[in-house]
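For reference, the structure is listed below as structure tokens.
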Amino acid sequence: MHFKDLGLDQRLLKKLNHLAFNKPTEIQQTAIPVGILGKDVLASSKTGSGKTLAFLLPAMQRMYRSKPFTRRDPRVLVLTPTRELAKQVFAQLRTLNAGTPYDGTLIVGGENFNDQVKALRNDPMFVIATPGRLADHLEHRSTHLDGLEMLILDEADRMLDLGFEAQLRRIHEAASHRRRQTLMFSATLDHADVIDIASDMLNAPKRISIGHSAEEHTDITQRFILCDHLDHKQALLDKVLETEDYNQVIIFTATRADTDRLTKELNERKMKAVALSGNLNQTQRNSIMSQFERDCHKILVTTDVASRGLDIDKVSHVINFDMPKHAEEYVHRIGRTGRAGNKGDAISLVGPKDWKSFKNVEAFLKQEISFSTIEGLEGKFKGLKPAPKKKFVKKKPTSKKPVAKKTDSAKPKKKMDKRFYDNMAVGDNVFVPKKKKPVDPAKED
Ligand code: ADP
Ligand code: MG
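Here it is as structure tokens:
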């Protein structure tokens with residue numbers, strides 16, 4: 200199949216040809232025709248499979264082929280969980296857009312608010328944003344979304360994880376009209392929270408799922424190594440960096456403090472490492488990312504702030520110095536390598552503190568994972584035993600007559616949303632997802 204078989208405009212085909220994109224990926228083959236028809240889409244496919252073009256091309260097609268609803272409001276809005284990902288989507292749009300009037304505007308946190316107000320006053324047609332900052336602009340009335348034609352949520356589940364549900368709903372309300380088209384994309388979309396918000400924001404969506412998120416990513420070689428303690432982890436990391444033939448590496452740690460400590464250690468040993476964490480200001484974040492993209496540093500040490508979406512083709516290795524707290528983040532972290540058909544390596548260090556997270560990842564991947572060792576650095580730790588199940592102790596019956604308990608039967612019982620059941624596998628515990636507060640929006644919007 201070729202891009203020309205998908206019903207795309209000649210001008211877009213010419214651009215794709217010029218950019219040497221010859222064959223659409225599977226997700227592009229499936230999602231683009233549906234997107235072009237104006238239907239809502241809820242799509243998942245593995246990391247590095249070309250989801251960005253799968254939503255940008257239908258959006259571009261709309262710009263080329265149809266008249267705007269209004270001249271004032273943005274026509275297309277793309278939301279992403281992190282500023283870095285928004286920038287990358289923006290850059291990809293720019294390469295597609297070069298030489299056309301359909302310029303994009305980037306609206307992310309950490310940048311000057313008033314400059315953004317000015318940019319929005321120019322009535323951009325295409326806005327790429329992080330949800331926190333865009334919601335602030337709605338509040339400030341520097342933009343309106345009454346005429347929005349297309350709302351695209353990239354990595355929708357991560358935006359919910361970060362606690363941006365209220366902002367997403369606010370944006371949805373501001374652009375709530377019958378003719379709006381909504382697309383949601385991620386490699387992991389099976390969460391109850393996602394299904395919940397998707398059922399409110401999408402209208403009879405076409406569900407597209409290319410492979411399951413837990414399916415093994417065959418382009419990525421995954422290794423897991425057990426370690427005893429921090430010094431052992433450090434020794435293993437040194438050995439890995441010494442022996443692996445890497446191009447560029449991303450190392451994930453649990454916290455920002457770990458990121459800084461590890462970067463310092465590596466640099467003391469003359470390894471060119473740089474730290475990216477959410478507590479830096481935006482200028483610093485931008486400069487670190489652009490230096491890493493230009494290959495000025497071989498190693499990027501970071502937290503989950505960089506686990507989503509980033510596409511840097513020289514990243515040959517991902518190392519989990521600490522295992523991620525959320526199992527699905529493992530899939531996204533390792534997905535920073537092995538992109539667009541390239542091969543990649545993922546190495547995870549599993550110590551006693553990582554054991555619980557490791558077991559969650561193992562369950563998420565639905566595989567029994569075996570461990571590798573490094574000669575001369577074998578440890579003693581072999582995993583933790585599962586905690587013994589609490590025995591059920593039957594209470595002795597009391598002779599007293601039971602006093603009638605006050606019940607809340609007058610109150611109607613909270614009805615469990617059927618959608619949660621629909622999303623459950625047999626044997627899953629039924630749960631109601633907690634509403635989360637945004638994680639420090641100053642840092643992560
Ligand atoms: P995802 O969002 O699924 O993780 P991206 O959209 O970031 O993946 O794309 C991953 C890489 O694949 C990018 O470098 C992109 O330029 C490239 N790519 C996308 N579509 C194609 C295609 N049809 N042919 C070749 N490369 C592609
Ligand atoms: Mg992506």
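Throughout, our numbering is defined as the position within the sequence shown, counted from one, plus 199. For each residue, glycine too, the CB sits at the ideal point set by N, CA and C.
Residue i, DSSP secondary structure in three states
{"i": "Val307", "result": "coil"}
{"i": "Leu347", "result": "coil"}
{"i": "Gly508", "result": "coil"}
{"i": "Ile568", "result": "coil"}
{"i": "Asn321", "result": "coil"}
{"i": "Lys617", "result": "Only weak support is given to the placement of Lys617: the predicted model assigns it a pLDDT of 34, under 50, and the value that follows is read from those uncertain coordinates. Helix."}
{"i": "Gly543", "result": "strand"}
{"i": "Ile498", "result": "strand"}
{"i": "Asp553", "result": "helix"}
{"i": "Ala290", "result": "helix"}
{"i": "Lys645", "result": "Outside the modelled stretch of the chain, which goes from 200 to 644, sits residue 645, for which no answer is possible."}
{"i": "Arg493", "result": "coil"}
{"i": "Thr229", "result": "helix"}
{"i": "Asp272", "result": "coil"}
{"i": "Met583", "result": "One point to set straight first is that residue 583 is Leu, not Met, in the sequence displayed. DSSP places Leu583 in coil when its eight states are reduced to three."}
{"i": "Lys405", "result": "strand"}
{"i": "Leu475", "result": "strand"}
{"i": "Thr606", "result": "Caution applies to Thr606, whose pLDDT of 38 falls short of 50 and renders its modelled position unreliable; the value that the coordinates give is listed next. Thr606 falls in the coil class under three-state DSSP."}
{"i": "Thr536", "result": "coil"}
Between the CA atoms of residue j and residue i - distance to the nearest angstrom
{"i": "Tyr529", "j": "Asp302", "result": "35 Å"}
{"i": "Thr329", "j": "Glu283", "result": "10 Å"}
{"i": "Ser341", "j": "Pro323", "result": "12 Å"}
{"i": "Glu443", "j": "Glu338", "result": "50 Å"}
{"i": "Ile231", "j": "Leu440", "result": "41 Å"}
{"i": "Ala453", "j": "Arg320", "result": "41 Å"}
{"i": "Asp399", "j": "Gln209", "result": "35 Å"}
{"i": "Arg618", "j": "Leu278", "result": "Any reading at Arg618 is ruled out, since the residue's pLDDT is 34, under 50, leaving its predicted position unreliable."}
{"i": "His531", "j": "Gly508", "result": "8 Å"}
{"i": "Lys588", "j": "Arg468", "result": "46 Å"}
{"i": "Lys558", "j": "Arg493", "result": "36 Å"}
{"i": "Ala456", "j": "Thr572", "result": "28 Å"}
{"i": "Ala242", "j": "Lys405", "result": "8 Å"}
{"i": "Leu215", "j": "Ala290", "result": "15 Å"}
{"i": "Arg264", "j": "Leu256", "result": "12 Å"}
{"i": "Val307", "j": "Ala258", "result": "20 Å"}
{"i": "Val448", "j": "Gly309", "result": "26 Å"}
{"i": "Gly249", "j": "Pro551", "result": "36 Å"}
{"i": "Gln315", "j": "Lys286", "result": "14 Å"}
{"i": "Ala391", "j": "Glu574", "result": "43 Å"}
{"i": "Phe268", "j": "Ser375", "result": "13 Å"}
{"i": "Leu207", "j": "Arg368", "result": "31 Å"}
Ligand 2 heavy atom lying under 7 Å from the CB of residue i
{"i": "Thr387", "result": "no"}
Closer than 7 Å: residue i CB and nearest ligand 1 heavy atom
{"i": "Ala545", "result": "no"}
{"i": "Gly247", "result": "yes"}
{"i": "Phe220", "result": "yes"}
{"i": "Ser244", "result": "yes"}
{"i": "Gln227", "result": "yes"}
{"i": "Ala539", "result": "yes"}
{"i": "Thr224", "result": "yes"}
{"i": "Asp510", "result": "yes"}
Would the segment 343-363 and the segment 371-387 be scored as touching if the rule is three or more Cβ pairs under 8 Å? Look at the beta carbons and you see the segment 343-363 touching the segment 371-387: at least three pairs across the two are nearer than 8 Å.
Does the segment 514-528 come into contact with the segment 545-560, if we say contact requires no fewer than three beta-carbon pairs (one atom in each stretch) closer than 8 Å? Touching, yes.
Chain-ordered list of residues that sit, by beta carbon, closer than 6 Å to a heavy atom of ligand 2: Of all residues, those with a beta-carbon under 6 Å from at least one heavy atom of ligand 2 are Lys250, Thr251, Asp353, Gly508, reported in chain order.
Per the contact definition of three or more C-beta pairs closer than 8 Å, is the segment 419-428 in contact with the segment 575-582? Here the segment 575-582 makes contact with the segment 419-428; the two share three or more CB pairs at distances below 8 Å.
I want to know whether the segment 462-481 touches the segment 495-505 - three or more CB-CB distances under 8 Å. Touching, yes, given that three or more Cβ pairs across the two stretches are closer than 8 Å.
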